[in-house]
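>
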Amino acid sequence: AKRRGADRIEIFNPAMRTEEENRLPLESELRMALQRQQISVLYQPITRLASNQLAGFEALMRWDHPTRGRLSPQDFIPLAEESGLIVELGSYVLSQALDEAATWHRVLPRDRDPLFVSVNVSSRQLFRQDMVQEIRLLLAREQVARGTLKLEVTESLVMENPERAVEILTWLKTYGASLALDDFGTGYSSLSYLHRFPFDIIKVDKSLVHDSSDNDQTPLILRSVVTLAHELGKEVVAEGVETQADANYLRSIGCEFGQGFYYGEPMSARDVGALLNALANH
Ligand code: C2E
Ligand code: CA
Ligand code: CA
Ligand code: CA
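Under this note's numbering, the first residue of the sequence shown carries the number 107, and numbering increases by one thereafter.
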């Protein structure tokens, strides 16, 4: 038995030990992952529903672990947040994604609306001292059109410190990024205070979208969210569009954009390149 505190005796628990033994090496491996070029960025298409035209992509991080295989963010983002490594990983994704977006603009015809790239931002990243400066320099370096970079933040993130979040988000917008509220419909989501934040886009979570057929109330909620977002002057991206029926329903209620397996899974930069070349030569 192991003593913990003055009055508690804890019986040794082998499961706990395994967890700890797993976590520590994983953390040091994650620390090396960038240098070892094990971090990649995939891009999932986002389609404008009215025209069925490709509008942009969401950048999604992956870790190609040498023995565990390709890890999804759920498997390592919590660890990355805890250890602070998310800052470095996040900067890498931002810079890769914006660099990719600049190449897309060179491939596609100039009369076409420039494709945007939407990047997830975590709490440690948003609230750090030089986030605004980092984005400003990145946008200056890549010289992409205004609105090309969209930053996705969640409601719980901005609620950590609403006053400071408003300030940072306003600066980011000044420098040309646009802002999306991610995972809407999952937490205590309430659109009522959303006008306090300078979001351009609401991303409705897949839990409100793809089972619109098996829950009587879901379509009503979805429709109300879209209507209210529009009244607040915001556009809507629906996540988890998996079927043509999902897409048709969303289009019928005026939702601007759809993202999900129906339009395409997250793909490599190389596959995006091939897709855009096909579009350009069409
Ligand atoms: P998210 O921002 O909500 O991203 C959407 C997730 O839904 C992605 O999972 C995507 O692959 C998945 N998805 C897309 N279409 C469909 C669909 O039709 N049906 C279903 N069931 N799922 C769909 P992924 O790539 O595993 O990412 C998971 C989460 O990890 C993301 O959720 C985001 O919160 C986080 N994440 C990903 N990349 C980054 C990053 O670069 N930085 C940070 N901070 N977080 C990231
Ligand atoms: Ca997201
Ligand atoms: Ca989301
Ligand atoms: Ca669902």
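Backbone N, C-alpha and C fix where the C-beta goes; we use that ideal spot for every residue, glycine too.
Since we're looking at a predicted model, the values are computed, not measured.
At a cut-off of 8 Å, is D289 close to ligand 3 when judged by its beta-carbon and the heavy atoms of the ligand?
At least one heavy atom of ligand 3 is nearer than 8 Å to the Cβ of D289, so yes.
> Looking at C-beta atoms only, is the number of pairs between the segment 230-239 and the segment 209-218 that lie closer than 8 Å three or more?
Verdict: no, contact absent.
> Just to confirm my understanding: we take V199, look at its own chain, exclude 5 residues before and 5 after, and list those with CB closer than 7 Å. What are they?
Cβ neighbours of V199 beyond the five flanking positions: V147, A165, M167, V225.
> For Q202, count the other beta carbons within 10 Å of its own beta carbon; 16 or more makes it buried, fewer makes it exposed. Which is it?
Burial call: buried.
> Fully enclosed by the segment 305-373, which alpha helix (DSSP H) runs are 4 residues long or longer?
Those alpha helix (DSSP H) runs which fall completely within the segment 305-373 and span 4+ residues are 324-337, 350-358.
> Between L285 and L278, how many whole angstroms is the CB-CB distance? I'm expecting something under 8 Å.
Confirmed, Cβ separation roughly 7 Å.
> With a CB to CB cut of under 6 Å and the five nearest residues on each side skipped, what residues in its chain are close to L221?
Contacts found: G162, W210.
> Would the segment 359-377 count as touching the segment 338-345 if we require 3 or more Cβ pairs under 8 Å?
Yes, since at least three Cβ pairs between the segment 359-377 and the segment 338-345 fall closer than 8 Å, the two stretches touch.
> Consider the C-beta atom of E269 and the heavy atoms of ligand 6; say whether any pair is separated by less than 8 Å.
As for ligand 6, it is missing from this structure, which binds only ligand 1, ligand 2, ligand 3 and ligand 4.
> Leaving out the 5 sequence neighbours to the left and right, which residues in its chain are closer than 7 Å to Q231 when beta-carbon positions are compared?
Result list for Q231: I192, V193, G196, M237, in chain order.
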